[in-house]
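Visitor: Quick one: structure below, then a few questions.
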Amino acid sequence: MVGHPHLMPREVGWIEVVTGCMFSGKTEELIGRLRRAQYARQSVVVFKPRIDSRYAVDSVGSHSGHRMRSIQVERSDEIMPLVGDAMVVGVDEAQFFDSGLVEVCERLANQGKRVIVAGLDLDYRGVPFEPIPHLMAVAEYVTKKLAICMVCGNPADRSQRIVDLGGRVLVGESEAYEARCRLHWQAEAFGPQQQPLPLGPNLAEQKS
Ligand SMILES: [Zn+2]
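The sequence shown runs 271 to 478 under the numbering used here.
Next comes the structure, spelled out in structure tokens:
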């Protein structure tokens, strides 16, 4: 059964990586997997790096508003002591962690835990964003999510930074990034166009 992890870890753990560009639904996917584990009465815990303060301080949240209580840590070595009896360990925005996260995930999986890591695979310059590429290599399951290109509507796998601010790490939402396909992505092409981005309408909401 390739691609379909058992819901119940039995002594053997594993690593799942959920990756892709901005707006590809990585955090939603992470939260969905953790929720399904909770429905099966499995204990879960979620970590995120302290750098990401976009949403409520103590929760993992997706752009679509799904939210889950999380623990913020500065460094990957703070994770192990906080995992406790959790059967499933989630890590969001993992690209902002130090390289020690790889060993932490491997140790947790070796202890029989299911580890689910979500994060960007490329930075805005198109450079692989460690430790995600390394985690993808050691993971049992890798899911690469795609967004939709803001220019042409084709599947998008890159994050276009649309403002000229900050360094490699610019934590932002729709005012700072757009999802773009290979054809419409350009590393340094910052432009004022389309900020802030409105969400496409949900026509069901207009009926009420
Ligand atoms: Zn495109």
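The beta-carbon is built from N, C-alpha and C at its ideal position, and this holds for glycine as well.
Just so you know, these numbers come straight off a predicted model, no measurement behind them.
What first and last residue would you give for the alpha helix (DSSP H) that runs through Val353?
Guide: Met350 to Val353 is the extent of the alpha helix (DSSP H) around Val353.
Visitor: Whose C-beta lies closer than 6 Å to the C-beta of Tyr394 among residues of the same chain, with five residues either side of it excluded?
Guide: Excluding positions up to five away in sequence, the list reads Ser429 and Arg431.
Visitor: Quick one: grab the DSSP three-state call for Pro403.
Guide: In the structure shown, Pro403 sits in a helix (DSSP, three-state: H, G or I).
Visitor: Say yes only if the C-beta of Ala426 is nearer than 8 Å to one or more non-hydrogen atoms of ligand 3, and no if none qualify.
Guide: For ligand 3, the structure offers nothing, since it holds only ligand 1.
Visitor: Using the Cα positions of Val316 and Thr289, report the straight-line distance between them to the nearest angstrom.
Guide: The straight-line gap from Cα to Cα measures roughly 16 Å.
Visitor: Going by DSSP, what residue range makes up the alpha helix (DSSP H) through Ala379?
Guide: Run containing Ala379: Leu371 to Asn380, per the alpha helix (DSSP H) assignment.
Visitor: Is Gly423 near ligand 1 - that is, is its Cβ less than 8 Å away from at least one heavy atom of it?
Guide: Yes.
Visitor: In whole angstroms, give me the CA-to-CA distance for Arg345 and Arg452.
Guide: Going from the Cα of Arg345 to the Cα of Arg452 covers about 33 Å.
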